[in-house]
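Enquirer:
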Amino acid sequence: MPGQIWRLEGHIDSIQQGSGSRFSAFPSENATGNFVKIVQRVPVKIVIDKGLDPNKPMPLGLSVEPKVTVE
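Using my numbering, the first residue of the sequence shown is number 3, and each one after it goes up by one.
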């Protein structure tokens with residue numbers, strides 16, 4: 003799975019209002035006096051319309067680098 007490129011087509015269904023570590027799957031770690039960069043994650047639901055093989059289920063929990071075209 004790592005290193006594979008999947009070409010899928012879909013559309014954005016929803017964008018969640020919350021961001022930051024409170025809504026993140028990975029909360030920030032605050033050690034004693036150490037600065038921790040807080041990464042803001044905004045959950046986006048993308049519905050896949052084309053390109054997914056029904057015989058090869060897509061594993062859950064993957065990270066992606068989507069390319070979005072705004073029309």
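Every residue, glycine too, gets a C-beta built ideally from N, C-alpha and C. Keep in mind the model is a prediction, meaning the values are calculated, not measured.
Could you give the distance in angstroms between the alpha-carbon of V46 and the alpha-carbon of S16?
Expert: 6 angstroms
Enquirer: Leaving out five residues on either side along the sequence, give the residues of the same chain with a beta carbon under 6 angstroms from the beta carbon of G53.
Expert: R9, L10, E11
Enquirer: Give the straight-line distance between the Cα atoms of K58 and E67, rounded to the nearest whole angstrom.
Expert: 20 angstroms
Enquirer: Tell me the rounded alpha-carbon separation between I48 and I40.
Expert: Cα to Cα, the separation comes out at about 24 angstroms.
Enquirer: Return yes when the Cβ of V44 is within less than 8 angstroms of the Cβ of Q18, no when it is not.
Expert: In contact: Q18 and V44 (Cβ atoms closer than 8 angstroms).
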